[in-house]
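Trainee:
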Amino acid sequence: MTSEHRGGAGPYIEYGNLPVLHATETDLPLLHPYGAVAVGGRYVTPGGGRLTVRKDGKHFQITLDHLGCPAQLTEEKTALFKRLGLAAKGHCLHAGCGHHVADAGAVLRSFHLRTGSIDLTAFVRAALAVELGDQHPVDRLLQDAEALVGPVRGADPQDE
0 MTSEHRGGAG
10 PYIEYGNLPV
20 LHATETDLPL
30 LHPYGAVAVG
40 GRYVTPGGGR
50 LTVRKDGKHF
60 QITLDHLGCP
70 AQLTEEKTAL
80 FKRLGLAAKG
90 HCLHAGCGHH
100 VADAGAVLRS
110 FHLRTGSIDL
120 TAFVRAALAV
130 ELGDQHPVDR
140 LLQDAEALVG
150 PVRGADPQDE
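Going by numbering that gives the first Met the number 0, the sequence shown opens with residue 0, and the numbers climb by one from there.
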């Protein structure tokens with residue numbers, strides 16, 4: 000599998016009607032919305048993002064990069080990705096740990112998903128659903144988390 004590219008400029012290449020990718024990313028597999036998700040995998044998503052899944056102790060670290068894809072940077076999608084992060088945070092709170100919902104200006108979204116909580120594939124499918132404009136999987140995951148711990152709030156006072 001191609002290694003992850005961090006930093007450096009171009010060359011960027013058109014890829015199957017998706018936003019341009021860095022030349023080192025063109026060999027990444029295209030993640031099907033109903034396909035399997037492997038820990039340690041790096042994929043191109045149907046919405047033009049780059050998804051990376053790693054295991055970090057008792058958590059999966061899921062990073063979704065939408066660099067160069069303005070269609071994924073709308074206020075509505077940013078709000079949905081924050082809700083997805085809150086669903087993961089709810090399960091962490093239930094397990095006794097807590098993580099901030101992270102995103103860097105909505106271009107790079109990072110999630111900590113507690114192992115044994117939300118199924119990894121279900122979480123990634125919810126993220127892909129947001130890319131494709133469907134909020135229902137995120138709503139279900141957040142409702143499940145709030146059934147465990149009550150209302151889940153982000154670190155940002157605007158989330159209150």
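Backbone N, C-alpha and C define an ideal beta-carbon position, used for all residues, glycine too.
Given a threshold of 16 other Cβ atoms within 10 Å of its Cβ, counted over all protein chains shown, does Pro136 qualify as buried or as exposed?
Mentor: buried
Trainee: Here's the rule: buried if 16 or more other CB atoms are within 10 angstroms of the residue's CB, otherwise exposed. What is Thr1?
Mentor: Note that Thr1 has pLDDT 38, beneath the 50 cutoff, so the model's placement of it is unreliable and the number below is only indicative. Result: exposed.
Trainee: Evaluate contact between the stretch 72 to 90 and the stretch 109 to 122, counting only Cβ atoms and requiring at least three cross-stretch pairs below 8 Å.
Mentor: yes
Trainee: Is the distance from the Cβ of Gly45 to the Cβ of Leu127 below 8 Å?
Mentor: Sequence inspection shows Pro at residue 45; the Gly mentioned does not correspond to that position. It is a contact, given that the beta carbons lie within the stated cut-off.
Trainee: Can you say whether Lys54 is buried or exposed, counting buried as having 16 or more other CB atoms within 10 angstroms of its CB?
Mentor: exposed
Trainee: At 3 residues or longer, and completely inside the stretch 53 to 107: list those beta strand (DSSP E) runs for me, N to C.
Mentor: Residue ranges of uninterrupted beta strand (DSSP E) with 3 or more members, entirely inside the stretch 53 to 107 and ordered along the chain, are 58 to 64, 101 to 103.
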